[in-house]
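Only one structure is covered here, and it is reproduced in the block below.
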Amino acid sequence: MLCMVLEAFGAPLIPQEREIPKPGEGEVILKVGACGVCQTDLKVCQGNHPAVRDVPVIPGHEVAGEIVEVGKNIDKGYLGKRVVVYAYNVCGECEFCRAGRESLCTNLKGQVGFSMPGGFAEYIKIPVKSVFTIDDNVTYEKASILTDAVATPYHAIKSKARVKEGETIAVIGAGGLGLHAIQIAKLFGAKVIAIDLRDQSLNLAEDMGADWALKGDEDDLLGAVNEITSGQGVSAVLELTGNPGVESLALELLKVAGRMVLVAYNITHPFRVNSQIMVSKEIEVYGARWCGRNEFRECIELVSDAKIVPYVGEVHALKEADSVLKRLQAGEILGRAVLVPEKGS
Ligand SMILES: [Zn+2]
Ligand SMILES: [Zn+2]
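First residue of the sequence shown? That's 31 in the working numbering, and the numbers climb one at a time after it.
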């Protein structure tokens, strides 16, 4: 099978032919239908991801596909099922797994596309407990990106920002995650201010339902937000860029008792904020790491019911993985790009 392999951090992904994996006990083999390409893959390839310390690696954690082989003792009924993958192989028993916060599992047995081979391949081996079936009406391209580009902002908005009907929130970064964050916040009854540096992303943000779309480098961004919110500020800010200094902006946009949720991170620029504003406004700050299994399931349903529509910006052949990553890094991709094994190969 074809797979795209990282052999050294910072080096390009290179195509390799490998044997199709064999399922062990409790495992299934997927024929990959599509795999999303994410900023986190860039971190993996650059050696900037804490879960990936060794190469070679096959990246790709946003996986959808068809079950084509099952391991010993697994019901043959799984064969032919269309599924998406919950990328963390969690223990199911620790304090956080039992609380439905599986993305914080303290006894992780592996992560697809990080410490386990990922979806930048034609086939992939997955623990059967990590696959979730999807409806026939959801394409693999859309399904693949729901696993992260929908599920991550869903968790951030539902469980961390706790967005309520009638609130106005700001989404900073209208990229792969942001375009879905807008849809999700609207679903929760909020009004949404989308902020981005790129005109095309702002146009897309409006298409996704953003009530206002503002340029991040606008001279008087704060004034514009104050005007929208009658001088109050927003109830919550979702920070999806990891850009240096954006946390100070987020803090200024928030009203009293506002919630700041950090979804993106930046390992070279530490988070710095004005503690006086934090204290006097009683600002709440959260990190949000992916999603729990129940939230994952809820996202699958919302996409099945077309309440959230995953926005696939571009579709490319698997062997183009490296050039897609380079364009993602250059900020040239609108929405989420996905890789598909068959296209043009
Ligand atoms: Zn991702
Ligand atoms: Zn656990």
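Backbone N, C-alpha and C fix where the C-beta goes; we use that ideal spot for every residue, glycine too.
Nothing here was measured: the structure is a model prediction, and the numbers come from that model.
Beta-carbon proximity of residue i to residue j, cut-off 8 Å
{"i": "Gly288", "j": "Val309", "result": "no"}
{"i": "Val291", "j": "Ala318", "result": "yes"}
{"i": "Thr177", "j": "Val115", "result": "yes"}
{"i": "Pro45", "j": "Lys349", "result": "yes"}
{"i": "Ala151", "j": "Ile164", "result": "no"}
{"i": "Asp71", "j": "Pro53", "result": "no"}
{"i": "Pro340", "j": "Ile175", "result": "yes"}
{"i": "Ser160", "j": "Cys321", "result": "no"}
{"i": "Leu234", "j": "Gly66", "result": "no"}
{"i": "Leu43", "j": "Cys75", "result": "yes"}
{"i": "Gly272", "j": "Ser231", "result": "no"}
{"i": "Asn324", "j": "Gly130", "result": "yes"}
{"i": "Ile212", "j": "Met238", "result": "yes"}
{"i": "Glu269", "j": "Glu282", "result": "no"}
{"i": "Asp241", "j": "Ile214", "result": "no"}
{"i": "Glu197", "j": "Ala266", "result": "yes"}
{"i": "Gly343", "j": "Ala367", "result": "yes"}
{"i": "Lys245", "j": "Val286", "result": "no"}
{"i": "Ile338", "j": "Leu207", "result": "no"}
{"i": "Gly93", "j": "Tyr153", "result": "It should be noted that the sequence gives Val, not Gly, for residue 93. Result no, Cβ atoms of Val93 and Tyr153 do not sit closer than 8 Å."}
{"i": "Leu227", "j": "Asp247", "result": "yes"}
{"i": "Phe326", "j": "Phe126", "result": "no"}
{"i": "Ala64", "j": "Glu171", "result": "yes"}
{"i": "Ile297", "j": "Asn78", "result": "yes"}
{"i": "Val180", "j": "Val58", "result": "no"}
{"i": "Ile225", "j": "Ile258", "result": "no"}
{"i": "Gly101", "j": "Leu60", "result": "no"}
{"i": "Tyr316", "j": "Lys190", "result": "yes"}
Exposure of residue i, with buried meaning 16 or more beta-carbon neighbours within 10 Å
{"i": "Leu369", "result": "buried"}
{"i": "Lys194", "result": "exposed"}
{"i": "Ser353", "result": "exposed"}
{"i": "Arg112", "result": "buried"}
{"i": "Pro86", "result": "exposed"}
{"i": "His91", "result": "buried"}
{"i": "Arg302", "result": "exposed"}
{"i": "Glu37", "result": "exposed"}
{"i": "Ile97", "result": "buried"}
{"i": "Val333", "result": "buried"}
{"i": "Pro274", "result": "exposed"}
{"i": "Gly143", "result": "buried"}
{"i": "Thr182", "result": "buried"}
{"i": "Gln69", "result": "buried"}
{"i": "Pro300", "result": "exposed"}
{"i": "Ile156", "result": "buried"}
{"i": "Leu252", "result": "exposed"}
{"i": "Gly374", "result": "Annotation note: pLDDT 47 at Gly374 (below 50); position unreliable, no value reported."}
{"i": "Met34", "result": "buried"}
{"i": "Asp141", "result": "Residue identity differs from the one stated: residue 141 is Gln in this sequence, not Asp. Classification of Gln141: buried, given that the 10 Å Cβ count is 16 or more."}
{"i": "Val168", "result": "buried"}
{"i": "Pro80", "result": "exposed"}
{"i": "Asp84", "result": "exposed"}
{"i": "Glu49", "result": "exposed"}
{"i": "Asp166", "result": "exposed"}
{"i": "Glu331", "result": "exposed"}
{"i": "Lys188", "result": "buried"}
{"i": "Gly148", "result": "buried"}
{"i": "Ile307", "result": "exposed"}
{"i": "Lys73", "result": "buried"}
Residue i - containing beta strand (DSSP E), residue span
{"i": "Leu270", "result": "From DSSP, Leu270 is part of no beta strand (DSSP E); its letter is neither H nor E."}
{"i": "Cys33", "result": "Leu32 to Val35"}
{"i": "Ile258", "result": "That residue, Ile258, is in no beta strand (DSSP E); its alpha helix (DSSP H) goes Leu251 to Ile258."}
{"i": "Pro45", "result": "Ile44 to Glu47"}
Element boundaries [alpha helix (DSSP H), containing residue i]
{"i": "Ile164", "result": "Segment: none, Ile164 is in no alpha helix (DSSP H) and carries neither H nor E."}
{"i": "Tyr108", "result": "Counting along the chain, Tyr108 falls outside any alpha helix (DSSP H), and DSSP gives it neither H nor E."}
{"i": "Lys172", "result": "Tyr170 to Ile175"}
{"i": "Ala367", "result": "Careful: Ala367 lies outside any alpha helix (DSSP H), inside the beta strand (DSSP E) at Arg366 to Val370."}
{"i": "Ala294", "result": "Run containing Ala294: none; DSSP gives neither H nor E here."}
{"i": "Ala117", "result": "Looking at the DSSP string, Ala117 is not in any alpha helix (DSSP H), and its letter there is neither H nor E."}
{"i": "Ala181", "result": "Ala181 to His185"}
{"i": "Ala243", "result": "Segment Trp242 to Lys245 is the beta strand (DSSP E) holding Ala243; no alpha helix (DSSP H) there."}
{"i": "Ser278", "result": "Val276 to Leu283"}
Heavy atom of ligand 3 within 7 Å of residue i beta-carbon
{"i": "Val120", "result": "What this structure holds is ligand 1 and ligand 2, not ligand 3."}
Q) What beta strand (DSSP E) runs, 3 residues minimum, are completely inside the region 297 to 359? A) 314 to 317 and 342 to 347
Q: Entirely within the region 56 to 100 and at least 4 residues each: give me those alpha helix (DSSP H) ranges in chain order.
A: 69 to 76
Q.
Report the start-end ranges of each beta strand (DSSP E) in the region 197 to 235 that is 3 residues or longer and not cut off at the edges.
A. 198 to 202 and 221 to 226
(Q) Which runs of the alpha helix (DSSP H) at least 4 residues long sit entirely within the region 124 to 165? Give them in chain order. (A) 125 to 128
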